[in-house]
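Worksheet for the structure shown next.
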Amino acid sequence: RAGAPTAAGPPLAPAAAAAARAVLVPAGLSRLRAARIPTALAGAALSGLLAAAAWGLSGPAAALLAPALFWAAPRHLQAGLTATPDLAVAALTLAVALAWRRAAAGADRRARLRAAAAAGLLMGAALAARTDAWVIAAALALHALLAGPLHEIGRAHV
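Residue numbers 389 to 546, in the numbering used here, belong to the letters of the sequence shown in order.
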């Protein structure tokens with residue numbers, strides 16, 4: 389069946405394209421344009437996440453600049469025009485990192501637990517988008533190993 393997930397690859401991109409075609413082709417959109425809609429939505433989500441992360445780190449000017457600089461790169465713009473999982477993985481990676489950050493800096497145990505659960509679910513979605521997304525978990529594990537000792541070193545110098 390065309391557009392159905394296969395055993396050879398992760399299921400998110402083909403399933404999203406198939407769902408978009410099922411809804412949008414009867415509405416008059418071509419099959420190709422309908423298949424590209426999930427990528428456009430992932431690009432919009434990534435832009436929002438970039439702006440939110442930049443706002444939190446450097447304020448409103450950075451929130452405007454971050455998505456603009458991302459989309460100024462020709463490779464990123466091309467990824468936004470094709471039906472690939474690249475933008476979905478980028479958006480999910482940033483979302484996992486932001487949830488991880490929130491889990492590490494949460495005010496109370498319940499907030500940290502919610503953020504950690506969100507990071508886990510987002511990590512699962514990233515793996516459903518691309519099998520090589522496991523490197524996100526490796527990077528976060530390395531961060532967890534180093535963050536504690538580095539945090540203690542920082543406290544000693546204060």
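For glycine and all other residues, C-beta sits at the position ideal for the given N, C-alpha and C. The structure presented is a predicted model; accordingly, all values stated were derived computationally and were not measured.
Each residue's CA atom was taken as its position, placing residue 424 and residue 519 some 21 Å apart. Three or more beta-carbon pairs separated by less than 8 Å link the stretch 468-484 to the stretch 430-440, which places the two stretches in contact. A residue is called buried once 16 or more other Cβ atoms fall within 10 Å of its Cβ, and residue 484 is buried on that count. Looking at the backbone, the Cα of residue 455 and that of residue 486 are separated by about 16 Å. Going by DSSP, residue 426 is part of the alpha helix (DSSP H) stretching over 419-446. For the pair of segments examined, the stretch 403-422 was found not to touch the stretch 519-532: the number of CB pairs separated by less than 8 Å stays below three. Residue 520 carries a helical assignment under DSSP once its states are collapsed to helix, strand and coil. Boundaries of the alpha helix (DSSP H) around residue 476: 474-493. Between residue 413 and residue 422, the beta carbon gap of about 5 Å places them in contact (Cβ cut-off 8 Å). Within the same chain, 451 come within 6 Å of residue 443 by CB-CB distance, once the 5 residues on both sides are set aside. Take the alpha-carbon of residue 497 and the one of residue 428: they are about 36 Å apart.
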